[in-house]
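Notes follow the structure.
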Amino acid sequence: MAYGLLNGKRGIISGALDEKSIAWKVALKAKEEGATFTLTNAPIAMRMGAIKQLAEQCNAEIIPADATSVEDLENLFTKSTEILGGKVDFVLHSIGMSPNIRKGKAYTDLNYDWFKQSIDISALSFHKMMQTAYKLDAISEWGSVVALTYMAAQRTFPFYTDMADAKAILESIARSFGYRYGKSHKVRVNTISQSPTPTTAGGGIGGFDKFYDFADKTAPLGNATADQCADYCITLFSDLTRMVTMQNLFHDGGFSMTGISEEVMALVTKE
Numbered sequence: 010m011a012y013g014l015l016n017g018k019r020g021i022i023s024g025a026l027d028e029k030s031i032a033w034k035v036a037l038k039a040k041e042e043g044a045t046f047t048l049t050n051a052p053i054a055m056r057m058g059a060i061k062q063l064a065e066q067c068n069a070e071i072i073p074a075d076a077t078s079v080e081d082l083e084n085l086f087t088k089s090t091e092i093l094g095g096k097v098d099f100v101l102h103s104i105g106m107s108p109n110i111r112k113g114k115a116y117t118d119l120n121y122d123w124f125k126q127s128i129d130i131s132a133l134s135f136h137k138m139m140q141t142a143y144k145l146d147a148i149s150e151w152g153s154v155v156a157l158t159y160m161a162a163q164r165t166f167p168f169y170t171d172m173a174d175a176k177a178i179l180e181s182i183a184r185s186f187g188y189r190y191g192k193s194h195k196v197r198v199n200t201i202s203q204s205p206t207p208t209t210a211g212g213g214i215g216g217f218d219k220f221y222d223f224a225d226k227t228a229p230l231g232n233a234t235a236d237q238c239a240d241y242c243i244t245l246f247s248d249l250t251r252m253v254t255m256q257n258l259f260h261d262g263g264f265s266m267t268g269i270s271e272e273v274m275a276l277v278t279k280e
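Per my numbering, residue 10 is the first one in the sequence shown, and the count goes up by one each step.
Rendered as structure tokens:
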């Protein structure tokens, strides 16, 4: 059911790889709620994914951009405002990658060049995206910027290794830039800490299936789905959340506030 929450709004959605992607779900929901937007992803990710199919469904243009490149981001915002006919009202940052995780490096044996890549791709790209938009004055007053994160920024999950550090930086950037963007342009900046979600990227993390089940048994409402995360993103893009900024918002069925559940107790209790 659509509510018209984004009627007349323009945006940029990054990170849609395939139908499992949260960004893919956000794009479909944004279209349903009346928004027009451009889609973007890194050229290599575009070759791996199915973003052209999404663009057709949403009647959206694709602007390839390496989020670590300021030049690419300048092109992204400049072209988006031209295509959409004005400043954008919302931006989704759904970007993250760790070469160390992909190549099975333990946290105590990180390749530091790869670690720098993790930070650049997963966190500094968020700052670069907002700094570029800020300098170009590309986001409308009362606009909304949302990035996706994970609770490993606050609590240790061994399998998340250096991505946990990247997410901690990402969340700090949201607060630091959120203050400045709010003061200067009334643009709000938030992060959503989502439940473990079976996306293509998430599936590459060792032990993900077991942890997914653990989180589902711990959270009183169960794990939040990608579709439900998309719904939450839409509310943050809308005018209903104009006074919400600089927040890390947990969207995890209550997992982050639960010490242990009866279901988990039953699993660990010996007969």
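Here a beta-carbon is modelled for each residue, glycine too, at the ideal position from N, C-alpha and C.
At the C-beta level, residue 22 and residue 206 stay beyond 8 Å of one another. Residue state for residue 257 is assigned as strand, using DSSP reduced to three classes. Pairing residue 73 with residue 109 gives a Cβ-Cβ distance that is not under 8 Å.
By alpha-carbon distance to residue 208, the top candidate from 14, 106 and 64 is 106.
Here residue 175 is near residue 132, since their CB atoms are less than 8 Å apart.
One alpha carbon belongs to residue 190, the other to residue 200, and they sit about 15 Å apart. Annotation for residue 86: 21, 97, 141, 142, 145 and 147 place their beta carbon closer than 8 Å to its own, counting only its chain and skipping 5 residues before and after. Annotation: the region 117 to 170 contains the following complete segments of the beta strand (DSSP E) (minimum length 3 residues), in chain order: 148 to 158. Remark: C-beta atoms of residue 277 and residue 197 do not approach each other more closely than 8 Å. Residues of the same chain with a CB within less than 7 Å of the CB of residue 79, apart from the 5 flanking positions on each side, are 137 and 141 in chain order. Counting along the chain, residue 92 sits inside the alpha helix (DSSP H) bounded by residues 79 to 93. Separation of the CB atoms of residue 34 and residue 239 is rounded to 4 Å, and the pair is thereby assigned contact status at 8 Å. Less than 8 Å divides the Cβ of residue 204 from the Cβ of residue 233. Only buried fits residue 257, as 16 or more other CB atoms lie within 10 angstroms of its CB. In this structure, residue 89 sits near residue 47, with a CB-CB distance shorter than 8 Å. Around the CB of residue 10, fewer than 16 other CB atoms lie within 10 Å, so the residue is classed as exposed. By the neighbour-count criterion, in which 16 or more other beta carbons inside 10 Å mark a residue as buried, residue 187 falls on the buried side.
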